[in-house]
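Structure first, then comments.
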Amino acid sequence: DAFDEYCNVLVGSVGSEREVAVASLLRQALGHDAVHLMKMVPNLSMIMGDTQYNSDEHCVDAQERLQYLLCRFIEIIAYSTK
Numbered sequence: 316d317a318f319d320e321y322c323n324v325l326v327g328s329v330g331s332e333r334e335v336a337v338a339s340l341l342r343q344a345l346g347h348d349a350v351h352l353m354k355m356v357p358n359l360s361m362i363m364g365d366t367q368y369n370s371d372e373h374c375v376d377a378q379e380r381l382q383y384l385l386c387r388f389i390e391i392i393a394y395s396t397k
């Protein structure tokens, strides 16, 4: 999908100022919850690194959490393209 492709493009510029900045912002914004977004956007793991994230499958409202994470992801990649 489009987000996986974006991650591929970003990883293609490994070490660039933009890639480093986006990766840092994503780690800060998504934290350990990134694992839930990685299920939808598998290539996000290439940006987030090999860090093992704990997956809390017992979320009260998983749909709201996923929506929040996806919105944060979009905000960060949109901000980084300015």
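Counting along the sequence shown from 1, when you hit position 63 you're at 378 in this note's numbering, and nothing is skipped either side. C-beta: ideal position from N, C-alpha, C; glycine also.
Requested in this report: Can you grab the Cα-Cα spacing for the pair V350 / Q382, in whole Å?
Outcome: 14 angstroms
Report task. Specify the secondary structure class of V337 as computed by DSSP and reduced to three states. Result -> helix
**Report entry** Cβ shell of M353 (< 6 angstroms), same chain only, five flanking positions each side left out
**Finding:** L359 and S360
**Report entry** Residue from V356, I389, L384 and V324 whose Cα sits closest to the Cα of G346
**Finding:** L384
Query - Classification of D348 by the beta-carbon crowding that lies within 10 angstroms, buried from 16 upward - result: buried
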